[in-house]
């Protein structure tokens with residue numbers, strides 16, 4: 029009986045040991061297999077794919093955009109040059125006047141009578157001078173008397189000329205072709221010398237005037253083309269005719285005048301707009317705004333892939349915007365720009381670069 033119990037116990041212990049040894053062996057094998065699978069999966073994890081485009085710079089004709097306004101190219105206030113009543117004002121406000129058109133006419137009053145008197149005196153002095161000359165030749169008149177007769181003749185002629193000039197001053201004429209902007213007198217008004225008669229403005233050409241800072245003034249040249257865009261969308265083209273040599277003491281900016289042809293006087297003085305003035309051409313890259321990103325320190329830039337397929341961040345400076353995209357500087361020709369996938373990769377990460385030309389077939 030006792031021996032049977034011992035045998036049974038021995039068999040039980042042996043069976044238990046055999047079962048445990050099998051489980052432990054399977055556990056070790058399973059752990060080894062799982063470790064191999066994880067390593068294989070890590071080794072087989074594919075690189076992130078990004079689409080790239082090889083950069084090629086283009087020549088950009090940049091422009092300086094400044095606020096501006098239109099001004100007349102010339103403006104003059106006509107003033108009376110002699111006293112007298114106004115008897116005629118044929119030109120109307122707002123009308124176009126030609127050179128030498130009569131703007132206002134004053135009464136000559138007694139000036140014609142004074143002219144007749146002065147003319148008669150000239151004839152008398154001419155006779156006296158001829159007689160004095162003949163007598164002087166014969167020795168009957170001294171040189172002093174001859175000189176006196178000549179002086180009296182010259183004085184009479186000068187008085188006649190003065191009266192003629194005064195008569196001509198009773199007519200006020202337009203000095204150039206332009207628009208009669210303001211008429212200060214009406215028929216019947218009495219004016220003195222210096223009183224305002226009318227103002228005339230010349231709007232052909234018209235000036236588009238703006239100001240440039242000292243940073244940009246050196247890049248703008250006389251006779252270069254420019255344009256002005258008005259608030260209603262109309263655009264007019266012209267050429268730079270004036271660049272100030274002295275800065276405005278208040279704004280420290282320099283006046284610029286763009287001369288714009290305006291034969292139909294469609295462009296009025298005082299309109300506001302944007303002046304676009306040419307700057308020297310630069311080489312830059314045009315990109316889609318979608319490829320721009322921010323670095324960890326907040327700089328604007330793009331992500332590129334270097335020769336080892338490592339992602340790099342490149343800061344850029346935005347020059348301007350256009351319908352084509354955003355013009356930037358700071359990139360080099362031949363660099364591979366990430367156009368798709370840049371949001372999912374980081375600087376320093378190795379990637380699989382796919383040329384977009386190969387994908388699109390272009």
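Numbering (our numbering), first residue to last: 29 to 390.
The C-beta atom is built at its ideal place from N, Cα and C for all residues, glycine as well.
Remember, it's a predicted structure, so these values are computed and weren't measured experimentally.
{"Query": "Supposed contact pair residue 345 and residue 230 - C-beta distance, whole angstroms, cut 8 angstroms", "Result": "Contact flag wrong, Cβ pair sits at about 43 angstroms."}
{"Query": "Pick from 342, 379 and 178 that is closest to residue 325, judged by C-alpha positions", "Result": "342"}
{"Query": "Where residue 259 falls: helix, strand or coil (DSSP)", "Result": "coil"}
{"Query": "Buried/exposed call for residue 43, threshold 16 Cβ in 10 Å", "Result": "The pLDDT assigned to residue 43 is 39, lower than 50, so where the model puts this residue is not dependable; a value taken from the coordinates is nonetheless given after this. Under this definition residue 43 is an exposed residue."}
{"Query": "Own chain partners of residue 280 with C-beta closer than 7 angstroms, once the 5 adjacent residues on each side are dropped", "Result": "242"}
{"Query": "Rounded separation between residue 93 and residue 84 - CA only", "Result": "26 angstroms"}
{"Query": "CB-CB length for residue 156 against residue 180, believed under 8 angstroms", "Result": "7 angstroms"}
{"Query": "Sequence ranges, beta strand (DSSP E) only - wholly within the segment 155–234, length at least 3", "Result": "199–201 and 206–211"}
{"Query": "Sequence-distant residues of its chain with Cβ nearer than 7 angstroms to residue 126 (five each side left out)", "Result": "202 and 205"}
{"Query": "Residues near residue 158 by beta carbon distance below 8 angstroms, same chain, minus five either side", "Result": "none"}
{"Query": "CB-CB length for residue 333 against residue 387, believed under 8 angstroms", "Result": "Rounded, the Cβ-Cβ distance is 15 angstroms, inconsistent with contact."}
{"Query": "Cα-Cα separation between residue 110 and residue 182, rounded to whole angstroms", "Result": "24 angstroms"}
{"Query": "Run of the beta strand (DSSP E) containing residue 343, from where it starts to where it stops", "Result": "339–343"}
{"Query": "Entirely enclosed beta strand (DSSP E) segments - the segment 68–116, minimum 3 residues", "Result": "76–82, 86–88, 91–107 and 112–116"}
{"Query": "Short Cβ contact (8 angstroms threshold) for residue 87 with residue 365", "Result": "no"}
{"Query": "Coil, strand or helix - residue 147 by DSSP", "Result": "helix"}
{"Query": "Spatial distance of residue 195 from residue 164 (CA atoms)", "Result": "38 angstroms"}
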